[in-house]
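This report refers to the structure that appears directly beneath it.
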Amino acid sequence: MKGVFSVRGFLPFLVVMFINAVVDLGHKITIQNILFKSIEDENLQIILTSLVNLLILLPYIMLFSVSGFLNDKFSRTRITRYAAASEILLTLFITISYLCGWFYVAFGTTLLLAVQSAVYSPAKYGLIKKITGAEKLGAANGIVQAFTIVAILLGSFVFSAIFESYAAASTDAGEMIKSVWFIGAILFVCSVAETIFTFKIPFFEATDAELKFDAKKYFKLGYLKENTKHIFNNKNAFLCTLG
Numbered sequence: 001m002k003g004v005f006s007v008r009g010f011l012p013f014l015v016v017m018f019i020n021a022v023v024d025l026g027h028k029i030t031i032q033n034i035l036f037k038s039i040e041d042e043n044l045q046i047i048l049t050s051l052v053n054l055l056i057l058l059p060y061i062m063l064f065s066v067s068g069f070l071n072d073k074f075s076r077t078r079i080t081r082y083a084a085a086s087e088i089l090l091t092l093f094i095t096i097s098y099l100c101g102w103f104y105v106a107f108g109t110t111l112l113l114a115v116q117s118a119v120y121s122p123a124k125y126g127l128i129k130k131i132t133g134a135e136k137l138g139a140a141n142g143i144v145q146a147f148t149i150v151a152i153l154l155g156s157f158v159f160s161a162i163f164e165s166y167a168a169a170s171t172d173a174g175e176m177i178k179s180v181w182f183i184g185a186i187l188f189v190c191s192v193a194e195t196i197f198t199f200k201i202p203f204f205e206a207t208d209a210e211l212k213f214d215a216k217k218y219f220k221l222g223y224l225k226e227n228t229k230h231i232f233n234n235k236n237a238f239l240c241t242l243g
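The letter at position 92 of the sequence shown is residue 92 when you use my numbering, and the numbering goes up by one with no holes.
Following this line, the structure appears as structure tokens:
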């Protein structure tokens with residue numbers, strides 16, 4: 001276990017994973033808290049919460065093949081850096097939305113974060129083996145999972161506590177999100193730190209720079225059918241998909 005931490009680039013990678021989990025969670029929790037506080041109709045609460053989850057899940061399904069292509073065609077280190085940099089712009093936009101009280105704009109930004117994450121996540125997880133090597137992969141995966149769980153638990157507690165302490169006593173969603181604008185600022189600062197740490201991860205070349213993408217096949221769902229078939233025919237792939 002100690003040997004994994006001494007591997008060049010692994011500690012910065014853990015920091016990137018940790019911060020990214022916190023940023024993704026911080027915005028989602030804030031949106032969901034406002035939904036529950038501003039809407040009294042329980043059925044509508046369930047519908048809108050389900051919509052938030054759908055906005056997060058949909059890009060993963062639609063960009064499943066595109067993400068795989070990008071992460072083979074281009075350097076995963078470079079994708080990680082670009083994706084983290086794009087997160088700075090997204091969290092800046094989120095902060096502005098919070099400041100202006102634009103709840104539904106911030107709500108819609110959940111989809112943009114999910115699109116970014118759909119490309120970003122495969123690149124990050126694909127770097128684990130490249131950083132540590134196959135012989136330390138098992139230990140590295142365990143550490144990454146532990147750090148991610150801690151980030152989720154800590155993020156849930158911290159952002160919920162901040163919201164409960166500072167959110168305006170109102171049923172107006174715009175007023176509530178405006179009162180906790182600094183959550184957006186926290187997410188922005190975290191994104192900047194995350195991007196800085198991505199440049200401390202070693203650079204790895206692309207897996208297959210000559211790879212071609214068949215757009216026609218993609219729009220006819222050919223890639224999706226192939227990938228789905230592979231997942232259900234491969235036990236390990238199926239378990240990984242389930243998490």
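Don't be surprised by glycine CBs; every beta carbon is placed ideally from N, CA and C.
In terms of Cβ geometry, Phe199 and Thr91 do not form a close pair [threshold 9 Å]. Annotation: the continuous alpha helix (DSSP H) that includes Ser67 extends over Phe64 to Lys73. Arg76 counts as buried, since no fewer than 16 other beta carbons sit within 10 angstroms of its beta carbon. In the same chain as Ile19, and ignoring 5 residues on each side of it, the C-beta atoms closer than 7 Å to its own belong to Cys190, Ala193 and Glu194, in chain order. The C-beta distance from Ile177 to Gly101 rounds to 6 Å, short enough to fall under 8 Å.
As the crow flies, the alpha-carbon of Thr109 is around 11 Å from that of Asp24. A check of alpha carbon separations from Asn53 across Leu113, Glu42, Ser86 and Phe64 identifies Leu113 as the nearest. Secondary structure of Gly142 (DSSP, three-state): helix. The Cβ neighbour count for Thr171, taken over all protein chains shown within 10 Å, is under 16; the residue is labelled exposed. DSSP places Thr171 in the coil class of the three-state scheme, outside both helix and strand. Assignment of alpha helix (DSSP H) within the stretch 59-129, counting only whole runs of 4 or more residues, yields 64-73 and 76-100 in chain order.
When only Cα atoms are considered, Tyr98 and Ile47 end up about 22 Å apart.
Taking every protein chain shown into account, the CB of Asn33 has 16 or more other CB atoms within 10 angstroms, so this residue is buried.
A contact between stretches requires three or more CB pairs, one per stretch, nearer than 8 Å, and the stretch 79-87 meets this requirement with the stretch 120-140. A distance below 9 Å separates the beta carbons of Ala140 and Ile131. Contact between Thr30 and Phe159 holds: their C-beta atoms lie close to 6 Å from each other, under 8 Å.
Between Lys73 and Asp214, the C-beta gap is not smaller than 9 Å, which leaves the two residues out of contact. The beta-carbon separation of Met17 and Lys124, rounded to 6 Å, stays under the 8 Å limit for a contact. Counted as a single uninterrupted DSSP element, the stretch harbouring Ala206 is not any alpha helix (DSSP H), since DSSP gives it neither H nor E. Around the beta carbon of Lys37, a 10 Å sphere encloses 16 or more other beta carbons of the protein chains shown; the residue is thus reported as buried.
Judged by beta-carbon spacing, Val4 lies within the 9 Å limit of Ile143, meaning their Cβ atoms are closer than that value.
Leaving aside the five residues that flank Pro59 on each side, the residues in its chain whose CB is nearer than 6 Å to its CB run, in chain order, Ala114, Val115 and Ala118.
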